[in-house]
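Single-structure report; data block below.
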Ligand code: TRP
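Residue numbers (my numbering): 153 to 505.
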């Protein structure tokens, strides 16, 4: 049996996962388990960068994501789920990699700029906030994966992992700077130049109305517009029935808009019955079918998906010892890999004595 290629990805624990996480990346992770050796990291240290005053909440959020992973079908017998702070080699690697990233390069990272703006961090964010993308490079390279399944906003961070891998391979492993990315390891490089893998829906909208600019906002816990992956059936119903749709739809003179309409975006993303969607959209545009009917259909579709996951969560919450044992076993396996990478890194750097 040839060795399976490795996949690594991570999540900063900010609370329970929602449908946007599913189509953006989680679904890919479940699918990849059979064909790849998968590592799924819970980035609790990264959560400290903006919430250092609330560590107990971070602990809860970390456990919540672990539960959601298990509910969503990540199988701990196939995939390794672990907590970042259980892997000391990652922090050591971050220190080493920080030497290979020019400081102004960090400040040009668009995801960092967006976060500073969106989270209202002003200029009071801690030094550790700027350190986290370096830490993320270490999260990734510690496992020397080939693929990193993520949402679109993570691309700038992944680009940095690619740059560090090339630079390290060139400086310390004698890899010729003109070597193509996929050939770096074959030519003696320690680190593969990873490829991102985006989900089938890059940016799922939330259930709310558009903002002042007329744009539908991304599904996000902080915007109160999300449907959780393990939501109970009553809230699914309430959230879908109250979801924003096209307010002009009922005027006969003004055909229903199916484009910027969460109702149809959600049907497209989650309803497997494509024939029904095609026909219902046609009727919707002609004012021949009501919002309520289409929403009810969506409630059925989402409930069929979410109800078993909700049920699993109820069970797991009663069995937290099991959830914690998954994380402990994950850490043992992850440490073996990350420690080996650290050893090879120090050897390449001539710092083994
Ligand atoms: N920054 C990522 C997020 O907020 C989480 C993350 C941490 C990550 N380490 C990673 C993602 C490594 C991919 C690879 O979602």
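Beta carbons are placed, not taken as given, at the ideal position from N, Cα and C, and that holds for glycine.
Fair warning: this is a prediction, and the values are worked out from it, not measured in the lab.
Item to check | Nearest neighbour of residue 466, chosen from 486, 216 and 200 [CA to CA] | outcome: 216
Next on the checklist: Are the CB atoms of residue 385 and residue 331 within a distance shorter than 9 Å?
Outcome noted: no
Next on the checklist: In the DSSP assignment, the beta strand (DSSP E) including residue 301 goes from what residue to what residue?
Outcome noted: 299 to 302
Checklist entry - DSSP puts residue 158 in a beta bridge; with which residues? => result 189
Item to check | heavy atom of ligand 1 below 8 Å from residue 368 C-beta | outcome: no
Item to check | residue 302 beta carbon near ligand 1 (any heavy atom closer than 8 Å) | outcome: yes
Next on the checklist: What would DSSP say about residue 205, mapped onto helix, strand or coil?
Outcome noted: coil
Next on the checklist: Considering only the alpha carbon of each residue, which of 375, 357 and 373 lies closest to residue 367?
Outcome noted: 357
Checklist entry - What runs of the alpha helix (DSSP H), each 4 residues or longer, lie entirely inside the region 244 to 284? => result 255 to 259 and 262 to 270
Checklist entry - Mind checking whether the beta-carbon of residue 307 lies closer than 8 Å to any heavy atom of ligand 1? => result no
Next on the checklist: Quick check on the burial criterion: 16 or more other C-beta atoms within 10 angstroms. Buried or exposed for residue 309?
Outcome noted: buried
Next on the checklist: Rounding to the nearest angstrom, what Cα-Cα distance links residue 230 and residue 322 in this structure?
Outcome noted: 34 Å
Checklist entry - Mind checking if residue 288 is an interface residue toward chain B, Cβ cutoff 9 Å exclusive? => result Structure shown: chain B not included; a single protein chain is present.
Item to check | residue 427 burial status per 10 Å Cβ neighbour count (16 or more: buried) | outcome: exposed
Checklist entry - If you draw a straight line from the alpha carbon of residue 250 to that of residue 433, how long is it in whole angstroms? => result 52 Å
Next on the checklist: Which residue wins for smallest C-alpha separation from residue 417, given the options 463, 354, 388 and 479?
Outcome noted: 354
Checklist entry - Helix or strand or just coil, what does DSSP make of residue 233? => result strand
Checklist entry - Less than 9 Å separating the beta-carbons of residue 378 and residue 162? => result no
Checklist entry - Exposed or buried, residue 383, counting other C-beta atoms within 10 Å across all chains shown (16 or more means buried)? => result buried
Next on the checklist: For a test of your reading of the model: does the CB of residue 287 fall under 8 Å from any non-hydrogen atom of ligand 1? Yes or no.
Outcome noted: yes
Item to check | Straight-line gap, residue 192 to residue 179 (C-alpha atoms, nearest Å) | outcome: 13 Å
Checklist entry - Is it true that the region 203 to 213 meets the region 444 to 464, where meeting means three or more beta-carbon pairs spaced less than 8 Å apart? => result no
Next on the checklist: Within a Cβ cutoff of 7 Å, which residues of the same chain sit near residue 304, ignoring the five residues on either side of it in sequence?
Outcome noted: 350, 354 and 355
Item to check | Cross-strand partners of residue 347 (DSSP beta bridge) | outcome: 299
Item to check | For residue 400, three-class secondary structure by DSSP | outcome: coil
Checklist entry - Going by alpha carbons, who is nearest to residue 395 out of 365, 443 and 381? => result 443
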